[in-house]
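Here this note's numbering is used: the first residue of the sequence shown is 1118, the next is one more, and so on.
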Amino acid sequence: MSLTIYRARRIRTLNPARPIATHVAVRDGIVLGAGTPEELAGWGSATRDERFADKVLLPGFVEGHTHLMEGALWRYVYVGWHDRTDPDGRVWPGARTIDHVIERLRDAQRELPHADSPLVGWGLDPIYFGNRRCTRADLDRVSDTRPVGIAHASLHILNVNSVTLRTAGWLRPGIEHPGVPLGADGLPTGEMKGPEAMGAVAERVGMDRAALAGDEEAVRRFARLCVRTGVTTATDLASPLTEEALAMLRRVTAEAAFPVRLVPLLRLLLEPVPQTIARAAALRGTTSDRLRLGRVKIVADGSIQGFSARLRAPGYLDGAPNGLWYVAPEQLAQAYELALAQGVQIHTHTNGDEATQLALDTLEAALAKHPRPDHRFTLQHCQLADRAQMRRMKTLGMAVNLFANHHFYWGDEHYRLTVGPERAERMNACRSALEAGVPMAIHSDAPVTPMAPLFTAWCAVNRLTASGRVQGEHERIDIPEALHAITLGPAHTLHLDGEIGSIETGKRADFAVLEADPFEADAHALRDIPVWGTVQGGRVFAAGQA
Ligand SMILES: [Zn+2]
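Here it is as C-alpha cells:
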C-alpha cells in the first residue's frame, strides 16, 4: 500500500474537470488524484518522487491498431524508404534506391554463419522507386547461394531471388498464377503476391509464420518500442491466439517488469464463425490487467494502394477492377449476429467504402435481431468513408479508428493513382467523424507504418503527404482533438475508457512521460517531442533503459 506523489513540470490529465496539475498521487498502480501537494495531502504520508520535475505527463498512449509483428520484423533487415527507429532506439536511414537496398542486404549477409543461411529484408515500397519493381535479378546480386527475400511495406508481397524460386520449384516456365507475375523469359520475376504465393516461399527465406505472429522475443521487442513511444496499452489487431501463443502471452505479461497492457484481438480466419465467437467469449473470463482478451477482428477487404479494397462506384480512378472480399458477406452477418447475442465485440477492417457500407448494412440487420446497447463495434482504417456513412456509424452505436499515418505515406499515390483528388482529400476523415459524433481513434497499423502516437497525432493535425502537400485541409483536427484520439479515443474502442485514457481518480496510473508539452507545441513539431518513457500501472520505465 505504498503511496507515491509524483511532481511534474505539468500534468495534462485529459480530465476536463481538472485538465492541468503539477502532482499526481499513485497507490498500488492506481491514480488517487491529480492536483497540488496540498490537495493530495489528505491521502496520507507519501513518498515524494521528483524525477519528472522537468517532464510533462500525459495519459499513457493507447495504440488501438497495431500488431506484435512489429516486434518480430526487427529480427530482419530494414530496407524501407523512410527512416525508422528500431526498438533499441537505433535509427535506420531510409534506403532510397534499389542499389541502396541491395547494399544493405549485402552488408547484413556478412554476419550470417553459412553460405546458405537465408536472409530477409522488410519495408520495401516500389511506389517510392517510381513503381520500378524489384526482381530476382536484383536479389541475385545479393547472393546466388542463399535464399534472399524482401517483404514489402504492405506485407502483401514478398520478393525473392532465383535460389529461393528454384528450391521451391517455382523457377520454371508454364506457371499460371495470379500472384506470380512472369518476366519476358516466361519465368517468374520473383515477386510473390498474396498469401498463397508468399506462403510458397516464405519459410525458405526464413520468414517464420509463427514468429511473425509474435513469439516471445518479438513481444519483448514490441514492448520496448511501446516504452520508447509513450504507449502503455497496445492492441495486437489480428492474432490467431493459439494455445501456445496464449500461454506465452500470459507468462510474459505477468512478469513484474513487463511494461505494457496488451489487447490481442482474435482474428476470424480459418475456423468456422461460431467457433471463433465462442472462443472469444470464453477468453473474456481469463484476462488479467496486462492481457485483455475476448474481442474479435474481421478483415472485410484488402488495401487501397494494392487495389484490393472494395470501392463503391465509381471505383478506382484508372478503371481497375474492384478489390477483394476477404470475408463472405454471409460470414460477416453470421459473425455479427452471434457476437451481439454473446456480447463479444467485433472490430472490422474496412478500407474501401463498399466494405464500410457492407459492415453498416450488416450491423443494422444484426442489431434488429439482437439489439445490444453500447456494443461499440469498431471500423478499423475505414479510410474512404463519406459523411453519410459516418452519420450511420453514429446512429448504429459504432466507433471508428482511422488510419492517420496512411495519409502521409500513401496520400500522394491516392491523389494521383488510386482514387483521385476528391476522395483522397476526404480519406481518413477525422473532422467528419468528430462532427458526426462518432467516437474516434487514430492509429499506425504498425508494422505497416511506424508506431509512434505523437507522429500519428501529427499526421491527423497536419494532413501532410510524403511530398509535403496538405491534402484535405478540411479534415484536419486540432492538437487537443488529436491527443484525445491517441488516448481516450482508442480506450473507448476497447471498452477501457473507464480505466485508462486520462489521469484521474480511480484510473490506472499509466502515463506518457514527455520532454515538452504537446498542447503548446507548434503543429509541425508535434512529432518531434522526445518521449522519456512511460509509467505503466504505477511502474516507471525509462526508454533509455528499456
Ligand atoms: Zn492491421
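Glycine included, C-beta positions come from ideal geometry on N, C-alpha and C.
Enclosing alpha helix (DSSP H) for residue i [first to last residue]
i     : result
W1527 : 1521-1530
N1248 : No alpha helix (DSSP H) holds N1248; DSSP gives it neither H nor E.
W1575 : 1570-1579
M1557 : Note, M1557: premise wrong, no alpha helix (DSSP H); beta strand (DSSP E) at 1557-1559.
S1279 : 1279-1285
A1138 : Looking at the DSSP string, A1138 is not in any alpha helix (DSSP H); the run it does join, the beta strand (DSSP E), is 1137-1144.
E1539 : 1538-1543
L1174 : Looking at the DSSP string, L1174 is not in any alpha helix (DSSP H); the run it does join, the beta strand (DSSP E), is 1173-1176.
R1321 : Premise fails: R1321 is in no alpha helix (DSSP H) and is neither H nor E.
Beta-bridge partners of residue i, as assigned by DSSP
i     : result
Q1462 : R1412
G1692 : The structure shown does not extend to residue 1692, since the chain spans only 1118 to 1663, so no value can be given for it.
P1310 : The sequence given here places Lys at residue 1310; Pro does not occur at that position. Partner(s): I1274.
Q1497 : H1466, N1518
S1405 : L1408
A1553 : Its beta-bridge partners do not exist; DSSP assigns none.
G1266 : V1237, V1277
D1418 : W1442
D1166 : Y1123
P1305 : L1299
E1180 : A1351
Within 8 Å, strictly: CB atoms of residue i and residue j
i     : j     : result
A1060 : M1507 : Since the first and last residues shown for the chain are 1118 and 1663, residue 1060 lies out of range.
P1389 : L1366 : no
L1457 : L1484 : yes
V1377 : V1322 : no
G1316 : A1362 : no
G1177 : T1651 : yes
L1275 : A1319 : yes
T1566 : Y1526 : yes
A1602 : A1563 : no
T1130 : I1620 : yes
G1266 : M1324 : yes
A1335 : C1343 : no
V1143 : G1615 : no
V1630 : F1169 : yes
A1660 : G1206 : yes
R1548 : R1593 : yes
A1395 : L1383 : no
L1241 : V1218 : yes
V1280 : D1261 : yes
G1664 : L1256 : Summary: the structure shown does not reach residue 1664, with the chain confined to residues 1118 through 1663, and so no result is reported for it.
D1470 : L1441 : no
V1141 : G1623 : no
W1191 : R1326 : no
L1519 : A1550 : yes
R1221 : V1179 : no
R1427 : A1364 : no
T1610 : P1556 : yes
G1714 : H1560 : Residue numbering for the chain in the displayed model covers 1118 to 1663; residue 1714 lies beyond these limits and cannot be assessed.
Extent of the continuous beta strand (DSSP E) run through residue i
i     : result
I1394 : Taken as a continuous stretch (DSSP letters only), I1394 belongs to no beta strand (DSSP E), being part of the alpha helix (DSSP H) at 1390-1401.
L1190 : Looking at the DSSP string, L1190 is not in any beta strand (DSSP E); the run it does join, the alpha helix (DSSP H), is 1186-1190.
G1152 : 1147-1152
M1365 : M1365 -> not in any beta strand (DSSP E); alpha helix (DSSP H) instead, spanning 1360-1371.
I1122 : 1120-1129
V1259 : Segment: none, V1259 is in no beta strand (DSSP E) and carries neither H nor E.
L1354 : 1348-1356
R1384 : 1378-1384
L1534 : Note, L1534: premise wrong, no beta strand (DSSP E); not H, not E.
L1513 : Careful: L1513 lies outside any beta strand (DSSP E), inside the alpha helix (DSSP H) at 1504-1513.
Below-8 Å beta-carbon distance, residue i vs any chain B residue
i     : result
L1229 : The structure shown contains no chain B; it holds only a single protein chain.
- prompt: Which full runs of the beta strand (DSSP E) of 3+ residues lie inside the segment 1435-1481, going along the chain?
  reply: 1462-1467
Start-end ranges of the alpha helix (DSSP H) lying completely within the segment 1585-1646, minimum 4 residues: 1596-1601, 1605-1610
message: Quick check on the DSSP output: what are the complete alpha helix (DSSP H) runs of length 4 or more inside the segment 1193-1229, in order along the chain?
response: 1215-1226
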